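Okay, structure first, notes after.
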Amino acid sequence: MVISVEDARLAARRGVPRWLFDYVDGGSGAEATLRRNIAALARLGFLPSVLRGAASPDTGTTLFGIPHRFPVILAPVGMAGMLSPGGEISAAIAATRAGLSMCVSHFALASIEDVAAAVDPARLMFQLYLFRDRAVTRDMVVRAWAAGVRTLVVTVDTPVTPLRPRDARNGFRGSTHLSGRLATQCLLRPRWLYGALRRPNRIIRNLAPYGMGDTLFAQAAAIGRAIDPAIGWDDIAALRESWKGRLVVKGLLRPDDTERAAAAGLDGVILSNHGGRQLDGAVSSIETLAACRAAVGGRIELCVDGGFRHGADVVKALALGAHGVLIGRPWAYGLAAGGIEGVTDILTLFHDGIRSSMTLLGAPDIADLREARCDRLASITDK
Numbered sequence: 001m002v003i004s005v006e007d008a009r010l011a012a013r014r015g016v017p018r019w020l021f022d023y024v025d026g027g028s029g030a031e032a033t034l035r036r037n038i039a040a041l042a043r044l045g046f047l048p049s050v051l052r053g054a055a056s057p058d059t060g061t062t063l064f065g066i067p068h069r070f071p072v073i074l075a076p077v078g079m080a081g082m083l084s085p086g087g088e089i090s091a092a093i094a095a096t097r098a099g100l101s102m103c104v105s106h107f108a109l110a111s112i113e114d115v116a117a118a119v120d121p122a123r124l125m126f127q128l129y130l131f132r133d134r135a136v137t138r139d140m141v142v143r144a145w146a147a148g149v150r151t152l153v154v155t156v157d158t159p160v161t162p163l164r165p166r167d168a169r170n171g172f173r174g175s176t177h178l179s180g181r182l183a184t185q186c187l188l189r190p191r192w193l194y195g196a197l198r199r200p201n202r203i204i205r206n207l208a209p210y211g212m213g214d215t216l217f218a219q220a221a222a223i224g225r226a227i228d229p230a231i232g233w234d235d236i237a238a239l240r241e242s243w244k245g246r247l248v249v250k251g252l253l254r255p256d257d258t259e260r261a262a263a264a265g266l267d268g269v270i271l272s273n274h275g276g277r278q279l280d281g282a283v284s285s286i287e288t289l290a291a292c293r294a295a296v297g298g299r300i301e302l303c304v305d306g307g308f309r310h311g312a313d314v315v316k317a318l319a320l321g322a323h324g325v326l327i328g329r330p331w332a333y334g335l336a337a338g339g340i341e342g343v344t345d346i347l348t349l350f351h352d353g354i355r356s357s358m359t360l361l362g363a364p365d366i367a368d369l370r371e372a373r374c375d376r377l378a379s380i381t382d383k
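Here it is, written out as structure tokens:
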């Protein structure tokens, strides 16, 4: 059993090819934001209330209309199906068994139809990128609805793909086929390679109908050209008009943008810097959470992602006013390390950490944490 996210990370590094591990683990530029996400959480300290009788805290909550056993959502991770046979379907099953939801990546190897057929689609969200070809975007929206998905998460912080040095160094960036360099990295992981050759999905099935390449590498290269870099709030308004389910936007960091999302009638916002994979030097979501919360009050649900590695980190976000937290790399590491059991281990770690932290803080339930907000947190200054 995995006993920490770092254990799962190290197991993933040993188990999958370098290019694939770096794709999940790495960030953009100097990876300053990647490190900042974790450091910003570490700079927050708890101020516990004792003698509160919170021995059995209630961790249940509702996020974007979906009941959750604890306030964690599995974030979208592109090409996660390459990490382990079953990939996204395994993760969705693990999430469902844990009483959680999963946001299925637009760039999942398993199609949204296949993932929705494996679990209750009411527990799924679908991540949507707006493509230059709006006909493709409209078709993906129709497919998600037909599959039973009722929560759409529009990612808006990826107008371009910046340099991710690890991808460039290992040969993955810009590759349209499995080069000799990439193949050598695969051969060094024979157990992974055996599973990869046996699995049916070795392309991004969500993109298969749209002529974006017949190999995973060709599709990955085409994605950057397909995403519309010039989307605006009018595009979000048009989507709000046409989509009858819950609409969430992912990738905001500014309070004024968050307020605009609330005014536009969206159901939720996910504060995110894309896990440090986009604008290097951007602030972390935890640093801007309190200001964004103040800007919108209770008009809209706010979730955050970026750097969460422990249940205690989730509790920090809740105490600052977040409704919930998305985790991406942790479940991806677990999937690479141990398939569905690895994901289950990671989710158990988070749940146990949330419960124990709430007990030690004297918080009987999630509402108590969120209402107290900053009262149970103190900023730790580096000396």
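Mapped onto full-length UniProt numbering, the consecutive letters of the sequence shown carry residue numbers 1 to 383.
Glycine residues also receive a C-beta, built at the ideal position from the N, C-alpha and C atoms.
Just so we're clear, the structure is a prediction, and the values are computed from it rather than from any experiment.
Alpha carbon to alpha carbon, how far is G78 from L216?
Translated into positions along the sequence shown, residue 78 becomes position 78. Translated into positions along the sequence shown, residue 216 becomes position 216. Whole-angstrom Cα-Cα distance: 11 Å.
Proximity below 9 Å, CB of L130 to CB of V153
The residue given as residue 130 occupies position 130 in the sequence shown. The residue given as residue 153 occupies position 153 in the sequence shown. Taking 9 Å as the Cβ cut-off, L130 and V153 do not qualify as a contacting pair.
Inter-residue spacing [alpha-carbon to alpha-carbon] between G311 and R355
Here residue 311 is taken as the residue at index 311 of the sequence shown, counted from 1. Here residue 355 is taken as the residue at index 355 of the sequence shown, counted from 1. The alpha-carbon of G311 is positioned some 8 Å away from that of R355.
For D120, is the classification buried or exposed, using 16 other Cβ atoms within 10 angstroms of its Cβ as the cut-off for buried?
Within the sequence shown, residue 120 is the residue found at index 120, counting from 1. So D120 ends up on the exposed side.
Starting from T348 and walking both ways along the alpha helix (DSSP H), at which residues does that stretch end?
What you label residue 348 is simply residue 348 of the sequence shown in a count that begins at 1. Element bounds for T348: R329 to L361.
Please state the DSSP three-state secondary structure of V248.
Translated into positions along the sequence shown, residue 248 becomes position 248. Strand, per DSSP.
Report the option in D114, H274, F172 and S357 whose CA atom is closest to the CA atom of K316.
Residue mapping note: residue 316 aligns to position 316 of the sequence shown, counting from 1. Looking at the Cα atoms, S357 is the closest of the given residues.
Give me the Cα-Cα distance between M82 and G213, rounded to the nearest whole angstrom.
Residue 82 sits at position 82 when you count from the first residue of the sequence shown. Residue 213 sits at position 213 when you count from the first residue of the sequence shown. Answer to the nearest angstrom: the Cα atoms are 17 Å apart.
For L310, which three-state DSSP category applies?
Sequence index remark: in the sequence shown, residue 310 carries index 310 (1-based). A small correction: the amino acid at residue 310 is His; Leu does not occupy that position in the sequence shown. H310 falls in the coil class under three-state DSSP.
Judging by CA-CA distance, which residue of P229, S379 and E341 is the nearest neighbour of V2?
As a working mapping, residue 2 is identified with position 2 in the sequence shown. The shortest Cα separation from V2 among P229, S379 and E341 belongs to E341.
Spatial distance of A108 from A39 (CA atoms)
Along the sequence shown, one-based indexing puts residue 108 at 108. Along the sequence shown, one-based indexing puts residue 39 at 39. Each residue's alpha carbon lies about 29 Å from the other.
For E301, report the span of its beta strand (DSSP E) as first-last.
Within the sequence shown, numbered from 1, the residue matching residue 301 stands at position 301. In the DSSP assignment, E301 falls within the unbroken beta strand (DSSP E) covering E301 to D305.
State the DSSP-derived secondary structure class of S242, mapped to helix, strand or coil.
Here residue 242 refers to the residue found at position 242 when the sequence shown is read from its first residue. Helix.
On the CB-based measure, 16 or more other CB atoms within 10 Å of its CB, does V149 come out buried or exposed?
Residue mapping note: residue 149 aligns to position 149 of the sequence shown, counting from 1. Flag for V149 reads buried.
Decide if R132 is buried, meaning its Cβ has at least 16 other Cβ atoms within 10 Å, or exposed.
The sequence position of residue 132 within the sequence shown is 132, counting from 1. R132 should be labelled exposed.
The beta strand (DSSP E) that contains Q278, what's its start and end?
Position 278 of the sequence shown, counted from the first residue, corresponds to residue 278. Taken as a continuous stretch (DSSP letters only), Q278 belongs to no beta strand (DSSP E), as it is neither H nor E.
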